[in-house]
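Notes follow once the structure below has been shown.
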Amino acid sequence: MNYQDYLSDALELLSAWNLPDDEFTDAVNDQAKLMAGYDFDETWGMHVDNPYSSHY
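Anchor point for the sequence shown: position 17 equals 309 in our numbering, and the numbering is continuous, going up by one each time.
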């Protein structure tokens, strides 16, 4: 299936996460792609700064 088929489910799921507006759209698209089974490489998700990741 195409990831667009999962956008409404991803939107419903992520609306409970209280993400900042500037991150919400990317998060919904990324979640829909995960739900659709997209195969991501190591660079996927790099557009979002993660304050919880460690760079040590």
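Note that the Cβ used here is the ideal one computed from N, Cα and C, for glycine as well.
If you draw a straight line from the alpha carbon of residue i to that of residue j, how long is it in whole angstroms?
i: Tyr295; j: Pro312; result: 22 Å
i: Ser346; j: Val320; result: A caution first: Ser346 carries a pLDDT of 48, below 50, which makes its placement in the model too unreliable to give a value.
i: Leu303; j: Asp331; result: 20 Å
For residue i, collect the residues of the same chain with a Cβ closer than 6 Å to its Cβ; drop the 5 residues on either side in sequence, then sort them by chain order.
i: Leu299; result: Ala324
i: Met293; result: Ala328
With a cut-off of 8 Å on the beta carbons, I'd call residue i and residue j a contact; round off their distance for me.
i: Ala328; j: Asp301; result: Ala328 to Asp301, Cβ: 10 Å. No contact.
Output needed for residue i: all residues of its chain with C-beta closer than 8 Å, excluding positions within five of it in sequence on either side, in chain order.
i: Leu306; result: Phe316, Ala319, Val320, Gln323
task: Starting from the N-terminal side, write out each stretch of the alpha helix (DSSP H) that is 4 residues or longer and does not extend beyond the stretch 294-335.
output: For the stretch 294-335, whole alpha helix (DSSP H) runs of length 4 or above, ordered along the chain, are 299-306, 313-327.
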